[in-house]
Each structure stands twice: as C-alpha cells, then as structure tokens.
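Beneath this line is the structure, given in structure tokens, with notes to follow.
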Amino acid sequence: MLVPKQPGLGFFSKHASDAGPGHPHDAGPVRRGAIEAIGLGGAMLLNAEYMSKWGRYTDFNVLRSLHLRTEGIEASVLDYLFNISKTDRLGSLRCLSLWTGDYLVDDQVDVDSSLARLLRSLRPLDSLELTGIFGEDTFDSVLCSHGESLGKLRLVPTRVPSPVVRPFVLSRGRVEALVRACPGITELKLLVPRRKGDEEEARTYRALSGLRRLDRLSLRLDCSGVQESEDGVRQNADGPYWQVRDMHDGAINVTVDADLVTVIFNAICAHRLPQLIRLYPAEIKNPLGDHLIDNLYFPAACLSRVWIGVRDPRAGWEREFKPVELRARYWEGAEERVESTPGAFSFLLDIWPDSGGDIRKMPSFPLWDGD
82 MLVPKQPGLG FFSKHASDAG PGHPHDAGPV RRGAIEAIGL GGAMLLNAEY
132 MSKWGRYTDF NVLRSLHLRT EGIEASVLDY LFNISKTDRL GSLRCLSLWT
182 GDYLVDDQVD VDSSLARLLR SLRPLDSLEL TGIFGEDTFD SVLCSHGESL
232 GKLRLVPTRV PSPVVRPFVL SRGRVEALVR ACPGITELKL LVPRRKGDEE
282 EARTYRALSG LRRLDRLSLR LDCSGVQESE DGVRQNADGP YWQVRDMHDG
332 AINVTVDADL VTVIFNAICA HRLPQLIRLY PAEIKNPLGD HLIDNLYFPA
382 ACLSRVWIGV RDPRAGWERE FKPVELRARY WEGAEERVES TPGAFSFLLD
432 IWPDSGGDIR KMPSFPLWDG D
C-alpha cells in the first residue's frame, strides 16, 4: 500500500526536526533541509524576512551554491547573509550568484558596502556572478578575498546611473587589476566600455591576454559612454538628453565589423587561445536615464553585430580562430525602419559620408595600435 508523503518534509535530512512539540509531524528537534544548492528568482524584491524563512528550514552549513536572481536585493539580505557567515554557517559555499537589480529602493543605498562586507566574510569562492548595483568596495573585495580561488567570474555593473550610487565602470586599470589578482580564471564575463577604439579600450583587450588559463570569455560592450564623475553622474552641460555628439559616439561604438573584431580577438589571444570568445554590444541607453534614443535605436539594430570565435579542435589546427557573425534577433526589418525614422540617415552620413547611405557598409573605426 502506498503511504502519502507527509507535507512539509521535502528536502529534509534524516536528523533534526522543526515541527515542534504537539505538531502532527513532530519527529523531535528541529529538522533542517540538507540542500546543497538554492536558486531564487522572479519579479520580486528580496528581503531579509524572506531569507530568514529559508534559514529556519535549511542547513546553510551544507549549502554549496546560492543563486539570487530577482528584481532587486535589499541590503538587509546581504546583512543577513553576512551575519550567518560570521558563524561559519556558509563555510561550504563555493558558488555565489547575485543580481542586485538596477533601481534603488530606500534599503539599497548601502548595497555596495553591504555586499563588500559579505564577500570579505566568505571563504574563497570558486565561482562568482555579480549583476546590478555594486561599486568600488565590492570590486576590491572580490579581488582581495577571492581572486586566487576564482575559476569563474561574471561582473556586469548596472548601466542605470543614480544620484546616490556612482556608476561603476570596468576601466582599463580595473581590468588590469583583475588579471593580476585572478590568475586561475577559466570563464569570464565582463561589461566593458567601448571608447571609439581609443588607447584605453585597446589596452583593456590586451590586458585580458594575461589570463593564461582562460577558456571562455564573454565581453558585453557598453556603448552608452557612461563615465564616472565626482557626483556619480555623467555631466552634460546641455541638459539630461543626448546631444548630437552623444548619438555620434553611440553609433560609432555599436559598430563592430569583421575587421575590428579580428583585431580585438588577436589582442586577447596574444598569449593563449581560448576555446570560445563572445563579443556583443549592449543596447544603447541614455547615460542619464534608461530610455532608448528613438532616432538611434533602429540604426543601432542594423549596425550592431554579435560575434563569436571558436578554436578549431582538430589536431594541428589549434591556432585557427575565425570570427563568426551571429545575426541579432531584432535585426530583421530594422533596416526598413531606419528609412522611416526622421534624421536617422542624416546623422549617420555625418559619420560615414562615403557610405552612400548603405547602413551595412559603414565600417568600424579602427582600434588604437600604438605601443
């Protein structure tokens, strides 16, 4: 005869109980789930109360992987994790993935300092993913506390500036620091700024060649021109909307053709040939807000290209690494929409006067090739 499973006892270990005296399923002391991986996601703002409920029924001592991917994470969640980490209840954790969201709520003002403190309290991680709101303190904690142990790393800071949180940019200097601190990285994903191919951008790609164990690299190119300033906002003397110069810069940055991607791949592969490189421009946003620029959206959809490079696995062909273009899913029909977008061709012809108006023949600006 089949015996129905008792409710509420899934994921629980054979020892301990949380039912309490008199509960119909009471089996003695508090039971806690012996779960090695937890993943929470969805359209919600994660708070400490929600996490504490998991803590009541979960033995965090055996937890090896924690993924929190929601609309946002309150600083109180990070403080809760820090408090249990202090007692070594996260001692088995090896993989951490946090999506802190793009928009601040009242309790998120101190997300960077709370996240940095949490990272410093954890034992060295093997894999770390951070997406959303974080800054300098968090970045320094990643390198100092986990750099030597990390094999997989993803750093994608928010591209939505705030008067409270300074925009964090993975500049050339920070990428160089990452390469020095994380010698064992095999898989890496970064959001790095496009700078019209200038020296800073070129040296960023060259720095990545110092990762001698790298097998998989994904670079998301921030084409918006978001830069750090003293008050945390990119200054624009003419007001909070993109001007002609900004639209020109965005169009130049999003244009990555076969010639440019070949030069970038060669710079990255100077010392080691990864198994896979993925390179793709992020959608262009206003650096002072989150609205797409109407006159640039469809031209950018045509100009933007996604590239991968895969190493040839055949014996004797190990140094063969040819870029392959992947057509973006929104490309279909974009070229026709450009023709109906007022002013689209006019500003593009200012940049590429010899293109004859053919948007697919507008070449990338060259990458700096100095010493």
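For the sequence shown, my numbering assigns the number 82 to the initial residue and increments by one for each residue that follows.
Even glycine gets a Cβ: it sits at the ideal position worked out from N, Cα and C.
As the structure is a computational prediction, the values presented were derived from the model and not from experiment.
Sorted by chain position, which residues of the same chain lie with C-beta nearer than 6 Å to residue i's C-beta, five sequence neighbours on each side aside?
i	result
residue 276	282
residue 370	In this prediction, residue 370 scores a pLDDT of 46, lower than 50, which makes its location untrustworthy; the coordinate-derived value is nonetheless stated afterwards. Answer for residue 370: no residue qualifies.
residue 451	none
residue 345	286
residue 437	none
residue 160	195
residue 228	262, 263
residue 291	260
residue 205	227, 230
residue 359	299, 389
residue 235	210, 270
residue 268	233, 297
For residue i, collect the residues of the same chain with a Cβ closer than 7 Å to its Cβ; drop the 5 residues on either side in sequence, then sort them by chain order.
i	result
residue 335	304, 362, 365, 381, 384, 385
residue 198	163
residue 433	443
residue 257	288
residue 122	150, 151
residue 402	346, 350, 354, 390, 392
residue 439	none
residue 173	142, 143, 144, 145
Where do the ends of the beta strand (DSSP E) carrying residue i lie?
i	result
residue 153	146–154
residue 303	297–303
residue 210	208–213
residue 181	176–182
residue 266	Premise fails: residue 266 is in no beta strand (DSSP E) and is neither H nor E.
residue 354	First-last for residue 354: undefined, no H or E at that position.
residue 112	112–114
Taking the alpha carbon of residue i as the point to measure from, which residue in the options has its own alpha carbon closest?
i	options	result
residue 302	202, 388, 293	388
residue 406	343, 295, 239	343
residue 239	279, 183, 253	183
residue 266	332, 299, 284	299
residue 129	219, 153, 114	153
residue 404	356, 232, 441	356
residue 175	221, 131, 118	118
residue 211	148, 114, 446	148
residue 271	329, 144, 252	252
residue 333	296, 294, 279, 235	279
residue 427	338, 377, 441, 396	377
residue 441	216, 337, 249	337
residue 248	221, 213, 234	213
residue 488	398, 284, 379, 340	In the structure displayed, the chain extends from 82 to 452; residue 488 sits before or after that span and is not available.
residue 112	139, 448, 348	139
Kindly indicate if chain B contains any beta-carbon less than 9 Å away from that of residue i.
i	result
residue 155	The structure shown contains no chain B; it holds only a single protein chain.
Does residue i pass the burial test, meaning 16 or more other C-beta atoms within 10 Å, or should it be called exposed?
i	result
residue 444	exposed
residue 312	Because the pLDDT of residue 312 is 43, which lies under 50, any placement of that residue in the model is unreliable, and the question is left without a value.
residue 155	buried
residue 133	exposed
residue 125	exposed
residue 157	buried
residue 120	exposed
residue 193	buried
residue 169	exposed
residue 180	buried
residue 331	buried
residue 435	exposed
residue 254	exposed
residue 274	buried
residue 397	exposed
DSSP has residue i in a bridge; who is on the other side?
i	result
residue 120	148
residue 127	154
residue 333	Answer is none; residue 333 lacks a bridge partner.
residue 143	Partner(s): none; residue 143 has no beta bridge.
residue 392	402
residue 270	235, 299
For residue i, which residues from the same chain have a beta carbon less than 8 Å from its beta carbon, with the 5 sequence-adjacent residues on both sides left out?
i	result
residue 165	136, 141, 171
residue 167	202
residue 329	428, 431, 432
residue 318	Annotation note: pLDDT 36 at residue 318 (below 50); position unreliable, coordinate value reported separately. Around residue 318: no qualifying Cβ.
residue 216	193, 238, 246, 247, 249
residue 293	264, 352, 353
residue 116	92, 139, 140, 143, 144
Confirm the yes/no value for this check: CB of residue i, any heavy atom of the ligand NAP, distance under 8 Å.
i	result
residue 158	This structure does not include the ligand NAP; it has no bound ligands of any sort.
Which residues bound the alpha helix (DSSP H) around residue i?
i	result
residue 220	217–227
residue 200	192–202
residue 261	253–262
residue 401	Looking at the DSSP string, residue 401 is not in any alpha helix (DSSP H), and its letter there is neither H nor E.
residue 237	Careful: residue 237 lies outside any alpha helix (DSSP H), inside the beta strand (DSSP E) at 233–238.
residue 339	339–349
residue 448	It is not in any alpha helix (DSSP H) - residue 448 carries neither H nor E in the DSSP assignment.
residue 386	No alpha helix (DSSP H) holds residue 386; DSSP gives it neither H nor E.
residue 288	280–289
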